[in-house]
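**Student:** Mapping of the sequence shown onto full-length UniProt numbering: position 139 corresponds to residue 139, and the numbering continues sequentially without gaps.
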Amino acid sequence: MMNMLKYGTATLGMAVVFGLAGCVQTSENTEIKRAAATDSVTLKVDTVHVAQGRINEEDVFNATVQAKVTNNISALAGGRLKQLYVKVGDRVTEGQVIAKLDDSQLNQLSVQMKKAKTDFERLSELYKIGGIAQTQWEGARDAYDIANTQYQNMLQNTVLRSPVSGIVTAKNYDDGDVTSPQLPIAVVEQINPVKLEINVSEKYFSKLKKKMPVKVTVEALDNREFEGYVSLIHPTVDPMSHTVTAEIEISNRNGVIRPGMYAYAQINFGSYDAVLAPESAIMKQIGAGQRYVFIVENNTLKYREVEVGILQGNFCEIKKGLQPGDVLVSGNKAGLTDGMKVQIK
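1) Report the three-state DSSP secondary structure of residue 296 (helix, strand or coil).
2) Which ranges would you report for the alpha helix (DSSP H) in the region 62-93 if only whole runs of at least 4 residues count?
3) Can you tell which of 273, 211, 258 and 219 has the C-alpha that lies nearest to the C-alpha of residue 248?
4) Roughly how many whole angstroms lie between the Cα atoms of residue 64 and residue 199?
5) Classify residue 128 as helix, strand or coil using the three-state DSSP reduction.
6) Thinking C-alpha only, which one of 208, 216 and 213 is nearest residue 245?
7) Could you check how far apart the C-beta atoms of residue 253 and residue 192 are, in whole angstroms? I think they sit under 8 Å.
8) Would you kindly check if the distance between the Cβ of residue 327 and the Cβ of residue 306 is under 7 Å?
9) Does any residue of chain B have a CB that is nearer than 7 Å to the CB of residue 311?
10) Sort 48, 43 and 42 by Cα distance to residue 282 and report the nearest one.
11) Using a Cβ-Cβ cut-off of 8 Å (strictly less than) and excluding sequence neighbours within five positions of residue 223, which residues of its own chain qualify?
12) Buried or exposed for residue 329, going by 16 or more other Cβ atoms inside 10 Å?
13) In the DSSP assignment, find the unbroken alpha helix (DSSP H) run with residue 139 in it and report its ends.
14) Comparing alpha-carbon positions, which option in 321, 161, 301 and 44 lies nearest residue 308?
15) Looking at C-alpha atoms only, which residue of 160, 303, 299 and 204 is the closest neighbour of residue 290?
16) Taking the beta strand (DSSP E) that residue 278 belongs to, which residues open and close that run?
17) Ordered along the chain, which non-local residues of its own chain (more than five positions away) have a Cβ less than 8 Å from that of residue 177?
18) Using CA coordinates, which residue listed in 273, 228, 279 and 156 is at the minimum distance from residue 265?
19) Look at residue 166 and residue 190 and say whether their C-beta atoms are less than 7 Å apart.
20) In the DSSP assignment, find the beta strand (DSSP E) that holds residue 191 and state where it starts and stops.
21) Are there three or more Cβ pairs, one per stretch, closer than 8 Å when the region 155-163 is compared with the region 56-73?
22) Return the residue from the list 53, 51 and 179 that minimises the CA-CA distance to residue 100.
23) So is residue 250 buried or exposed if we call it buried at 16+ other beta carbons inside 10 Å?
24) Quick one: grab the DSSP three-state call for residue 204.
25) Please go through the same chain and pick out, in chain order, the residues whose beta-carbon is closer than 8 Å to the beta-carbon of residue 184, but skip the five residues on each side of it.
26) On a Cα-Cα basis, can you pick out the residue from 331, 93 and 83 that is closest to residue 280?
27) Express the C-alpha separation of residue 154 and residue 108 in angstroms, rounding to a whole number.
28) Given residue 343, which residues of its chain have a CB within under 6 Å of its CB, disregarding the five upstream and five downstream residues?
29) At the level of alpha carbons, what is the spacing between residue 196 and residue 59?
30) Quick check on residue 431: does DSSP put it in helix, strand or coil?
31) Residue 317: which of 277, 323 and 111 sits nearest, CA to CA?
32) Looking at the structure shown, is residue 22 part of a helix, part of a strand, or coil, going by DSSP?
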């Protein structure tokens, strides 16, 4: 959104902030002289005006795209891989079978579970008519519960399903291999949405809010822009870096954003009133780093040192030294001195 500045009869459109770097214009090898000018020829100068405006307090954070969720598909216990149904790059849905392990033990438990179920159902009918004691019925019930639990546990350890919809990003075994719980059979990553983790300076901590909009630029996709939002803010500040970690969530319905891509997250933390001067009017002393301007008052130049802040488009925030309405020399400043008589073009 554009911030508008007005001075004189001109209206200035303000551009987006991209950093906190001080406003710098290359010096033109001007030697600053404070003595009054003695030239009889009046120099004509271009001028610009200092104005009151608003600064967008924005910052850009670098991050690497991550999957929203990463699932390691593993068996609870090692076993021989009977069949792997997916390969790297396949898209899978929640609940889809990823792999099956050797099911010989599962078949044995299935037989035991079915027999225990049949016995329990038969004894339940007898118990209803008083044909057996309660303790006998309870024993049959417990035997069925145990057999069923063992079967279900083995089933989960034999038929492995994906807990999320996503994409297969790794596989570590082939059919016939003996698997280990320590190394997943496959990895499934949920990539819609994807996320970024950024470290934000503690100075923004009070301004950083959940659901804040974030503009995300993905370098690998020809700097394509995506809309995201702040989904999570960690509750503590790192005492070493003085930053707080935040997560940015980005919709990725078409799946073009992939984990590992490099991205930039731009966040607007709000705006504030500021004194703004065109960057073309601000000079830097050679070797000193001090910024200065020439003010025109009653056709006379006045040298003035200034303290600068954020560069916003072609305008510079002036923290100290100027006020709205001041008239500044712009363009070529070679040969200008404090006290020189000039004529405004």
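Ideal placement from N, C-alpha and C gives every residue a C-beta, glycine not left out.
**Tutor:** Taking the geometry as given:
1) The three-state secondary structure of residue 296, taken from DSSP, is strand.
2) The qualifying runs do not exist here; there are none.
3) Looking at the Cα atoms, 211 is the closest of the given residues.
4) The straight-line gap from Cα to Cα measures roughly 12 Å.
5) Helix, per DSSP.
6) Closest option to residue 245, judged by alpha-carbon separation, among 208, 216 and 213: 208.
7) Right, their Cβ atoms sit about 6 Å apart.
8) Contact flag unset, no.
9) The chain inventory of the structure shown lacks chain B, comprising one protein chain alone.
10) Distance check between residue 282 and each of 48, 43 and 42 places 48 closest, using alpha-carbon atoms only.
11) Only 217 meet the Cβ criterion.
12) Label assigned to residue 329: buried.
13) Note, residue 139: alpha helix (DSSP H), 134-158.
14) Among 321, 161, 301 and 44, the Cα nearest to that of residue 308 belongs to 321.
15) Residue 303 holds the alpha-carbon nearest to the alpha-carbon of residue 290 among 160, 303, 299 and 204.
16) Where residue 278 is concerned, the enclosing beta strand (DSSP E) stretches over 262-278.
17) Cβ neighbours of residue 177 within its own chain (closer than 8 Å, five residues either side excluded): 80 and 81.
18) Comparing Cα-Cα distances from residue 265 to each of 273, 228, 279 and 156, the minimum goes to 228.
19) Contact flag set, yes.
20) Its beta strand (DSSP E) spans residues 186-201.
21) Yes, the region 155-163 touches the region 56-73.
22) Closest option to residue 100, Cα to Cα, is 179.
23) Around the beta carbon of residue 250, a 10 Å sphere encloses 16 or more other beta carbons of the protein chains shown; the residue is thus reported as buried.
24) In the structure shown, residue 204 adopts helical secondary structure according to DSSP, grouped into three states.
25) When the five nearest sequence neighbours on each side are left out, the beta carbons in the same chain lying within less than 8 Å of the beta carbon of residue 184 are those of 72, 73, 74, 170 and 172, in order along the chain.
26) Per the C-alpha coordinates, the member of 331, 93 and 83 positioned closest to residue 280 is 331.
27) If I take the Cα positions, the gap works out to 10 Å.
28) Cβ within range, chain order: 42 and 44.
29) Across the structure, residue 196 and residue 59 are spaced so that their CA atoms are roughly 15 Å apart.
30) There is simply no residue 431 to check, as the chain begins at 1 and stops at 345 in what is shown.
31) With distances taken between Cα atoms, residue 317 lies closest to 277.
32) Here the model assigns residue 22 a pLDDT of 47, short of 50, so the residue's position is not dependable, and the following value carries that caveat. Coil.
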